[in-house]
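Participant: If you count the sequence shown from 1, position 185 lands on 185 in the UniProt record's numbering, and the numbers rise without skipping. Pasting in a structure now, in structure tokens, and then I'll have a few things to ask.
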Amino acid sequence: MILNNEFDMAEVTKNTTFHAGICMAGAVSAGAYTAGVMDYLFEALEHWQKAKDLQEAGKLSGIPKHNFIVETLGGASAGGMTAAITAGALQGEFEPVKQADADNDAQTKQNPLYNAWVNLTETPTEDMMHFMLDTSDIENDSGNASREVRAGFNSTFIKQVANAVLDSRYSPVYNREYLADDLDIFTTITNLRGFNYKIAFDTSSGVREYSMKMHRDYAFFKLSEDAYTGDGRIPISFDKTPKVADNGTNIEMLKAAAMSTGAFPVGLESRTLSRQRAYIEDSKYLNLKLAGEDDKKVTYNFLPEGAFVSLNVDGGVINNEPFEVTQQLLDDRRRDVIIQESIVKAAPVTAEDRTAAEAAARLTAKMYSPQTSATEFDSLVVMIDPFPNDAPPEPAVFVPQQAWRNVVPAVLGAMIGQLRMKEDQVKRAYLSDDYTRYLIMPVREANGVSQQYTIACGSLGGFGGFFSKAFRKHDFYLGRRNCQRFLQAHFNVPESAQNPILAFGFENVTDFKYTDSTGVTYLPMIPDLRVVEDKATGTFTVAVPPEESVYPYPQIKLTDLLRLKDPMENRIKCILNNVQNAAVQPSDTPKWQSQILPKIHKQSWFSRTVGGFFKDKGLDLYLSLGKSFGKGAVADMFLDEVIKDMEQRGLIDDDYKG
Numbered sequence: 001m002i003l004n005n006e007f008d009m010a011e012v013t014k015n016t017t018f019h020a021g022i023c024m025a026g027a028v029s030a031g032a033y034t035a036g037v038m039d040y041l042f043e044a045l046e047h048w049q050k051a052k053d054l055q056e057a058g059k060l061s062g063i064p065k066h067n068f069i070v071e072t073l074g075g076a077s078a079g080g081m082t083a084a085i086t087a088g089a090l091q092g093e094f095e096p097v098k099q100a101d102a103d104n105d106a107q108t109k110q111n112p113l114y115n116a117w118v119n120l121t122e123t124p125t126e127d128m129m130h131f132m133l134d135t136s137d138i139e140n141d142s143g144n145a146s147r148e149v150r151a152g153f154n155s156t157f158i159k160q161v162a163n164a165v166l167d168s169r170y171s172p173v174y175n176r177e178y179l180a181d182d183l184d185i186f187t188t189i190t191n192l193r194g195f196n197y198k199i200a201f202d203t204s205s206g207v208r209e210y211s212m213k214m215h216r217d218y219a220f221f222k223l224s225e226d227a228y229t230g231d232g233r234i235p236i237s238f239d240k241t242p243k244v245a246d247n248g249t250n251i252e253m254l255k256a257a258a259m260s261t262g263a264f265p266v267g268l269e270s271r272t273l274s275r276q277r278a279y280i281e282d283s284k285y286l287n288l289k290l291a292g293e294d295d296k297k298v299t300y301n302f303l304p305e306g307a308f309v310s311l312n313v314d315g316g317v318i319n320n321e322p323f324e325v326t327q328q329l330l331d332d333r334r335r336d337v338i339i340q341e342s343i344v345k346a347a348p349v350t351a352e353d354r355t356a357a358e359a360a361a362r363l364t365a366k367m368y369s370p371q372t373s374a375t376e377f378d379s380l381v382v383m384i385d386p387f388p389n390d391a392p393p394e395p396a397v398f399v400p401q402q403a404w405r406n407v408v409p410a411v412l413g414a415m416i417g418q419l420r421m422k423e424d425q426v427k428r429a430y431l432s433d434d435y436t437r438y439l440i441m442p443v444r445e446a447n448g449v450s451q452q453y454t455i456a457c458g459s460l461g462g463f464g465g466f467f468s469k470a471f472r473k474h475d476f477y478l479g480r481r482n483c484q485r486f487l488q489a490h491f492n493v494p495e496s497a498q499n500p501i502l503a504f505g506f507e508n509v510t511d512f513k514y515t516d517s518t519g520v521t522y523l524p525m526i527p528d529l530r531v532v533e534d535k536a537t538g539t540f541t542v543a544v545p546p547e548e549s550v551y552p553y554p555q556i557k558l559t560d561l562l563r564l565k566d567p568m569e570n571r572i573k574c575i576l577n578n579v580q581n582a583a584v585q586p587s588d589t590p591k592w593q594s595q596i597l598p599k600i601h602k603q604s605w606f607s608r609t610v611g612g613f614f615k616d617k618g619l620d621l622y623l624s625l626g627k628s629f630g631k632g633a634v635a636d637m638f639l640d641e642v643i644k645d646m647e648q649r650g651l652i653d654d655d656y657k658g
């Protein structure tokens with residue numbers, strides 16, 4: 001593709017490398033599925049790289065020699081947490097966890113992906129749900145002296161998991177040729193504080209300002225040994241002795257961002273994130289002024305001097321599948337390469353020449369847009385989504401339900417749905433021959449028939465995995481199996497397209513190709529192979545890995561669910577006892593008081609309503625009885641919903657004897 005008369009994009013790509021971004025959707029406990037996909041994907045990349053290295057050393061032959069580099073890892077909610085965990089885990093060396101290893105504690109704990117999502121903080125004597133129903137986060141947490149109720153469930157395990165992976169340091173970090181040295185990592189965030197904007201309008205009475213607040217937020221990071229470069233990406237390093245000290249301490253920001261994006265509203269604790277002003281102001285994805293040509297009428301005045309502290313909940317509330325952000329980051333990386341290559345080609349001598357060369361290079365880069373056809377594409381986004389089609393089917397006949405009880409949740413659902421709507425992406429989906437976007441989603445078959453319910457952790461809106469480790473194991477291995485099938489049968493390009501990257505990679509290579517039932521031959525972007533060493537002779541061979549077997553669909557014993565009633569009641573009682581506690585009180589600024597209402601209402605609202613009933617009847621006694629009986633009723637209702645949902649999905653082993 002010729003961008004102008006002097007610059008050929010082929011000179012940038014060299015026709016040897018695919019540039020990839022991996023986007024991971026929100027999933028709550030079904031992050032175990034995403035972790036399984038990532039485990040298999042990086043196992044395949046590791047073996048292919050080893051085979052290429054052995055081929056270069058003359059010890060193997062017939063290995064596809066093109067390159068595949070992961071340049072961006074990002075996501076929302078559980079996906080954003082997995083992006084951060086993966087970025088940290090890949091700095092060290094670890095082995096994949098196969099089904100034969102599922103009960104080998106030593107093997108599972110050395111793998112950060114499995115340990116973080118399947119093991120979690122569970123112990124032989126305390127499963128995750130008992131831990132999450134524990135009340136220590138309210139009653140005994142030194143960081144919660146005011147005994148605030150911050151979440152429906154005890155969420156302290158999330159920080160323990162984040163610390164276990166992201167506090168690890170390496171010397172040196174493990175070299176992975178298929179991972180960009182300056183890897184982009186990002187998480188979506190729903191920022192409850194928000195960013196304030198004011199836009200000036202010319203009116204008949206002069207200039208007036210229109211105010212708005214943006215709650216869509218992202219935290220952007222990059223692997224780097226250098227100091228911050230002013231692009232909004234926070235540099236991080238997992239080296240034991242980072243060249244720039246801040247790059248090691250910035251890991252705390254990555255942990256806070258990971259916990260923020262996973263803070264499922266109400267169920268899990270909200271999180272704070274403190275960032276330097278520059279990290280927000282310099283980001284064109286957050287500072288909307290940077291995206292405009294004329295910003296004279298936009299006032300960007302919400303950022304205080306120094307750090308900006310925000311209170312955040314689950315990033316999936318606003319953007320649960322941020323594949324468009326992943327694509328934008330990839331495109332910007334390609335533009336940066338174009339700029340650098342263009343400046344080098346111009347060979348400026350003086351400072352004036354360099355300024356002119358940079359201006360010309362940026363103009364050239366601005367013209368870049370990713371190619372999408374099988375023949376020309378060189379960058380792509382892979383999205384991993386445990387719930388791509390989780391919405392219930394539309395009814396054959398729509399019946400308007402105008403009762404308040406129906407309208408209120410419908411309004412909330414409509415707001416979230418509209419926030420997540422991506423009109424540009426829907427329009428782009430109608431384009432044919434687009435090889436830049438791929439989806440790995442759950443598929444589970446039994447006797448050759450695709451099952452309706454694939455994800456064991458999918459019950460209760462994604463919280464089901466916290467009830468049983470068996471659910472998380474199943475989803476992890478389903479992720480590995482689905483990733484294997486994806487690489488071998490779907491992540492490929494027709495040989496007839498003559499994509500130059502694959503033409504280079506498969507030159508004089510006859511193996512690893514895939515031919516479908518119609519006779520069309522495809523070339524895989526990532527050859528799925530395993531290097532086998534004969535230790536006796538010191539020779540190497542490659543083999544296609546055996547098919548990942550179907551992991552048995554799990555069930556939880558009904559009696560185990562029923563045993564949760566007591567801890568549920570204790571949690572509910574603790575919440576009711578402390579729900580009014582708050583460490584930070586409302587502002588002392590006096591509110592405007594009506595002079596009229598006191599004349600109309602001689603008594604307080606409480607006295608006029610509840611007080612009359614409880615007068616002389618012992619208010620404390622009634623409240624105590626309400627809590628005592630109410631906790632049991634709420635626990636019963638919750639357990640009923642758990643059992644009903646799991647029963648519908650075939651996840652219950654009914655061992656109840658009555």
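Built from N, CA and C at the ideal position, the CB exists for glycine as well. Since the model is a prediction, treat every value here as computed from it, not as a measurement.
Once the 5 residues before and after Y114 are set aside, which same chain residues still bring their CB inside 6 Å of it?
Facilitator: V97, T108
Participant: Could you tell me how far apart the beta carbons of S168 and G88 are, in whole angstroms, since I believe they sit closer than 8 Å?
Facilitator: 6 Å between Cβ atoms; contact.
Participant: Just the Cα atoms here: how many angstroms apart are H601 and T123?
Facilitator: 58 Å
Participant: Are G505 and H66 touching if we call contact CB-CB under 8 Å?
Facilitator: yes
Participant: Could you round the C-beta distance between K469 and V118 to whole angstroms and report it? I think they count as a contact, below 8 Å.
Facilitator: 7 Å
Participant: From F476 to T454, what does the alpha carbon distance come to, in whole angstroms?
Facilitator: 12 Å
Participant: Just curious, the beta strand (DSSP E) that T541 is in, first and last residue?
Facilitator: Note, T541: beta strand (DSSP E), 539 to 543.
Participant: From this set, R362, A489, N578, which residue's C-alpha is nearest S517's C-alpha?
Facilitator: A489
Participant: Mind checking whether residue 663 and D217 have CB atoms under 8 Å apart?
Facilitator: In the structure displayed, the chain extends from 1 to 658; residue 663 sits before or after that span and is not available.
Participant: How about L639 and K565: do their beta carbons lie closer than 8 Å?
Facilitator: yes
Participant: Based on DSSP bridge pairs, tell me the residues matched to D74.
Facilitator: For clarity, residue 74 is Gly in the given sequence; the question names Asp instead. DSSP lists C23, F186 as partners of G74.
Participant: Buried or exposed, going by whether 16 or more other CB atoms sit within 10 Å of the CB of A654?
Facilitator: The displayed chain sequence assigns Asp, not Ala, to residue 654. It counts as exposed.
Participant: Could you give the residue range of the alpha helix (DSSP H) that holds F476?
Facilitator: 469 to 489
Participant: Can you tell me whether E122 is helix, strand or coil according to DSSP?
Facilitator: coil
Participant: Judging by CA-CA distance, which residue of H130, A497, T521 is the nearest neighbour of P567?
Facilitator: Nearest of H130, A497, T521 to P567, Cα basis: H130.
Participant: Applying the 10 Å Cβ sphere with the 16-neighbour rule, what's the burial state of F201?
Facilitator: exposed
Participant: Name the residue from A536, A257, R354, K284 whose alpha carbon lies nearest to the alpha carbon of D231.
Facilitator: K284
Participant: Checking the sheet assignment: what are the DSSP bridge partners for residue 725?
Facilitator: Residue 725 lies beyond the range of the chain shown here (1 to 658); nothing can be said about it.
Participant: Would you tell me roughly how many angstroms separate the C-alpha atoms of V244 and P235, rounded to the nearest one?
Facilitator: 9 Å
Participant: Within the same chain, show all residues whose beta-carbon is closer than 6 Å to that of E533, passing over the 5 residues directly before and after it, in chain order.
Facilitator: These residues qualify, in order along the chain: F540.
Participant: Taking R333 as the reference, give the member of A374, Y551, D378 with the closest Cα.
Facilitator: D378
Participant: Please classify S459 as buried or exposed, where buried requires at least 16 other C-beta atoms within 10 Å of its C-beta.
Facilitator: buried
Participant: Let me know if residue 659 comes out buried or exposed under the rule of 16 or more other beta-carbons within 10 Å of its beta-carbon.
Facilitator: Because the chain here runs from 1 to 658, residue 659 falls outside it and cannot be looked at.
Participant: Rounded to whole angstroms, how far is the Cβ of E71 from the Cβ of A180, which I believe are closer than 8 Å?
Facilitator: 4 Å
Participant: Please classify L223: does DSSP put it in a helix, a strand, or coil?
Facilitator: strand
Participant: What does a CB cutoff of less than 7 Å around T326 pick up in its chain, not counting 5 residues either side in sequence?
Facilitator: Apart from the 5 residues on each side of it in sequence, T326 sits with its Cβ closer than 7 Å to the Cβ of G21, C23, T72, G74, V381 in its chain, given in chain order.
Participant: Reducing DSSP to helix, strand and coil, say where Y656 ends up.
Facilitator: coil
Participant: Write down every uninterrupted run of the beta strand (DSSP E) in the region 239 to 281 whose length is 3 residues or greater and which is fully enclosed by it, in chain order.
Facilitator: 271 to 276
Participant: Straight-line CA distance for L478 to E126?
Facilitator: Roughly 25 Å separates the two Cα atoms.
Participant: Residues in the same chain with beta-carbon distance under 7 Å from A258, minus the five sequence neighbours each way, listed in chain order, please.
Facilitator: Counting only residues of its own chain and dropping the five nearest sequence neighbours on each side, A258 has a CB closer than 7 Å to the CB of G80, M81, A84, A162, T187.
Participant: Could you tell me the alpha carbon to alpha carbon distance between V493 and Y522, rounded to whole angstroms?
Facilitator: 5 Å
Participant: Between which two residues does the alpha helix (DSSP H) containing S496 stretch?
Facilitator: Per DSSP, S496 belongs to no alpha helix (DSSP H) and is neither H nor E.
Participant: Is it buried or exposed for R472, if we count other Cβ within 10 angstroms and need 16 for buried?
Facilitator: buried
Participant: Could you check whether L363 and D184 sit closer than 8 Å to each other, using their CB atoms as the reference points?
Facilitator: no
Participant: Assign N191 to one of two classes, buried (16 or more other C-beta atoms within 10 Å of its C-beta) or exposed (fewer than that).
Facilitator: buried
Participant: Please return the same chain residues whose Cβ sits closer than 7 Å to the Cβ of L487, not counting the five positions on each side in sequence.
Facilitator: A44, P524, I526, D528
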